[in-house]
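A short worksheet on the structure shown next.
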């Protein structure tokens, strides 16, 4: 039995619901990276990073492969980077709208 599309989308967004996972995806936008490089930048316990990478791998957002002694991770598709960029645009618009609203509220308070 197949899962409804809206449910699959909800699961995708739940996968993105952890700051370490988002940070990993951001770092992988520049190309594949070994786990040690991710650890150096993200500064979490190795076991925590391993768990988050497993979640991303099961969701199909990243792939992993061996390069000699290194385990490398990469985005599974450029669409993942596009999704992160869309998130940044949405956040930027939301913050801009809030800033405009705050300015409007301040101006309204001075007029009275």
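In this note's numbering, the protein residues as written are 133 to 244.
Idealized CB from N, CA, C, for every residue including glycine.
Residues of its chain near residue i, where Cβ-Cβ distance is below 7 Å and the 5 sequence neighbours each way are ignored
i: residue 148; result: 154
i: residue 151; result: none
i: residue 178; result: 171
i: residue 212; result: 157 and 193
Contacting residues, own chain, Cβ-Cβ under 8 Å from residue i (five flanking each side not counted)
i: residue 163; result: 206
i: residue 101; result: Since the first residue shown for the chain is 133 and the last is 244, residue 101 is missing from the structure and cannot be characterised.
Beta-bridge pairing of residue i - partner residues as DSSP gives them
i: residue 165; result: 205
i: residue 182; result: Residue 182 pairs with nothing; no bridge assigned.
i: residue 196; result: 205
Minimum C-alpha distance to residue i - residue among the options
i: residue 168; options: 216, 186, 201 and 223; result: 201
i: residue 196; options: 230, 177 and 166; result: 166
i: residue 215; options: 133, 141, 233 and 230; result: 141
i: residue 209; options: 183, 137, 240 and 161; result: 161
Any chain D beta carbon closer than 9 Å to residue i
i: residue 145; result: Among the protein chains of the structure shown there is no chain D, as only one such chain exists.
Close Cβ partners of residue i (< 6 Å) along its chain, the five nearest in sequence each way excluded
i: residue 180; result: none
i: residue 229; result: none
Supposed contact pair residue j and residue i - C-beta distance, whole angstroms, cut 8 Å
i: residue 176; j: residue 159; result: Contact doesn't hold; Cβ gap of about 13 Å is too wide.
i: residue 156; j: residue 170; result: 6 Å
For this session: Take every Cβ of the region 135 to 149, pair it with every Cβ of the region 178 to 195, and state whether three or more of those distances are shorter than 8 Å.
Result: Contact between the region 135 to 149 and the region 178 to 195 is present, because at least three Cβ pairs lie under 8 Å.
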